[in-house]
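Remarks on the structure that follows.
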Amino acid sequence: MLTLLAQAPVQPAPVTRGDAHFVLGWQNLHKEQPQDNYNDWINSIFYGGAGTGWYWNDHLKTQVDFGAGTRGEQYRFRQLLVNGTWTYESSRLKVRQDSVAVSQQYQFFRNEWFHPHVGAGMDLARETLTEQYQPVTVYDSTGRNTRIITPGHTEGPNHRFIARPFGEVGFKAYMTRQAFFTADTRLMVRHCIDEVLMRAGFGFDF
Amino acid sequence: MLRKALAVVLSGALISTGCASAARGAMQSPAVVDPAMMAEYVQRIPAGSRVRVERTNGESMRGTLMKATPQAITVQRNTRIPEPPLEIPLGSVARVTLDSAGGGASTAKAIGIGVASGVGTFFVILAILAAAWDD
Chain A
113 MLTLLAQAPV
123 QPAPVTRGDA
133 HFVLGWQNLH
143 KEQPQDNYND
153 WINSIFYGGA
163 GTGWYWNDHL
173 KTQVDFGAGT
183 RGEQYRFRQL
193 LVNGTWTYES
203 SRLKVRQDSV
213 AVSQQYQFFR
223 NEWFHPHVGA
233 GMDLARETLT
243 EQYQPVTVYD
253 STGRNTRIIT
263 PGHTEGPNHR
273 FIARPFGEVG
283 FKAYMTRQAF
293 FTADTRLMVR
303 HCIDEVLMRA
313 GFGFDF
Chain B
7 MLRKALAVVL
17 SGALISTGCA
27 SAARGAMQSP
37 AVVDPAMMAE
47 YVQRIPAGSR
57 VRVERTNGES
67 MRGTLMKATP
77 QAITVQRNTR
87 IPEPPLEIPL
97 GSVARVTLDS
107 AGGGASTAKA
117 IGIGVASGVG
127 TFFVILAILA
137 AAWDD
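If you want it as structure tokens, here you go:
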């Protein structure tokens with residue numbers, strides 16, 4: 113047994129042991145509207161994050177990322193029928209996410225200046241939701257006046273944790289032997305595509 | 007009818023020109039290289055030349071020729087982190103060509119990094135604009 117182990121080919125150490133990076137990005141969240149009237153996506157979110165990765169060999173890397181987005185807002189609208197009269201309820205949903213993600217990546221090529229990669233992992237996000245409702249009014253045709261049937265109010269902030277699998281594609285483009293520019297795109301999936309995150313930044317190998 | 011005729015003509019053209027040939031790999035099997043001729047040739051290449059080495063197993067590599075003997079060549083691969091030179095037996099070498107694109111490779115690398123940085127910067131600016139846009 114020992115002889116066999118001694119004769120086994122020795123796996124060479126990976127060219128890179130680990131890396132760290134800082135990124136900025138554009139976060140797009142899918143928030144379904146209560147009625148199918150408007151855009152279901154919140155696109156105006158600026159993202160910042162940092163992460164580190166460990167190479168098991170020249171192609172397989174496990175990466176951990178921490179990130180947070182700025183607050184995104186979505187205008188929401190519902191049509192209501194109150195005592196035979198149509199009215200509407202509108203609200204503004206404010207969303208913010210802090211997240212930690214663990215992924216396994218496959219990096220193409222070995223010891224080159226440009227390395228594309230694909231990966232998959234799990235993203236755990238702490239979501240903060242606040243929804244500000246406008247007063248709901250209805251026009252009373254007999255009294256010829258408008259009355260408030262539901263006063264304006266705010267729900268939240270409510271916190272919840274969501275875990276979503278994701279897939280990603282990206283690359284590392286080295287500027288020096290150890291410093292690189294990196295960019296990737298992640299698609300988080302829940303019932304359908306739940307988030308699209310595009311990131312770019314700089315990092316270094318260690 | 008016209009469609010059928012056209013399909014037959016196109017299929018015939020594909021087969022006769024070899025575009026759809028399944029035996030492509032077999033047609034491209036490397037020819038046997040005369041070892042003596044290869045040894046004489048590689049020993050005439052000056053040490054320090056940038057070369058492209060194609061091996062009989064289909065692999066290829068770019069690097070700097072360090073030494074050439076009648077039995078083997080020693081090449082250091084062009085890598086980001088320098089690696090120990092590789093000794094390649096001439097029996098496994100199918101072709102050695104001078105890599106005149108050495109400067110071109112670094113130019114391509116610079117262009118690649120530039121494009122990548124540009125794309126990244128574009129997305130970052132887009133992200134900032136999108137985040138600043140108050141809908």
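As they're listed, the protein sequences go chains A and B.
Residue 286 in the numbering used here sits at position 174 of the first sequence, with consecutive numbering throughout.
Residue 135 in the numbering used here sits at position 129 of the second sequence, with consecutive numbering throughout.
Even glycine gets a Cβ: it sits at the ideal position worked out from N, Cα and C.
Between residue 64 (chain B) and residue 84 (chain B), the C-beta spacing is not below 8 Å. Under the DSSP definition of a beta bridge, residue 125 (chain A) lacks any partner. Contiguous beta strand (DSSP E) elements confined to the segment 123 to 200 of chain A occur at 130 to 142, 153 to 167, 172 to 181, 184 to 194, taking only those with 3 or more residues.
Contact between residue 307 (chain A) and residue 215 (chain A) is ruled out by a C-beta separation of about 14 Å, above the 8 Å threshold. Residue environment analysis places residue 219 (chain A) among the buried positions, since at least 16 neighbouring C-beta atoms fall within 10 angstroms of its C-beta. Relative to the Cα of residue 133 (chain A), the nearest Cα in the group A:262, A:299, A:286, A:303 belongs to A:286. Look at residue 289 (chain A): its C-beta is under 8 Å from a C-beta on chain B.
Burial check for residue 127 (chain B): the Cβ neighbour count within 10 Å stays below 16, so the residue is exposed. Close partners of residue 127 (chain A) in chain B (Cβ separation under 9 Å): 85, 86, 87, 89. Relative to residue 316 (chain A), the option among A:234, A:240, A:265, A:164 whose CA is nearest is A:164. Taking CB atoms only, residue 125 (chain B) has a neighbour in chain A less than 8 Å away. Beta-carbon to beta-carbon, residue 278 (chain A) and residue 313 (chain A) are separated by about 18 Å, too far to satisfy the 8 Å threshold.
Flagged as an interface residue toward chain B: residue 293 (chain A), by a C-beta distance shorter than 8 Å. When DSSP states are grouped into helix, strand and coil, residue 41 (chain B) belongs to the helix group. In its chain, beyond the 5 residues on either side, 192, 248, 249, 250 have a beta carbon closer than 7 Å to the beta carbon of residue 199 (chain A).
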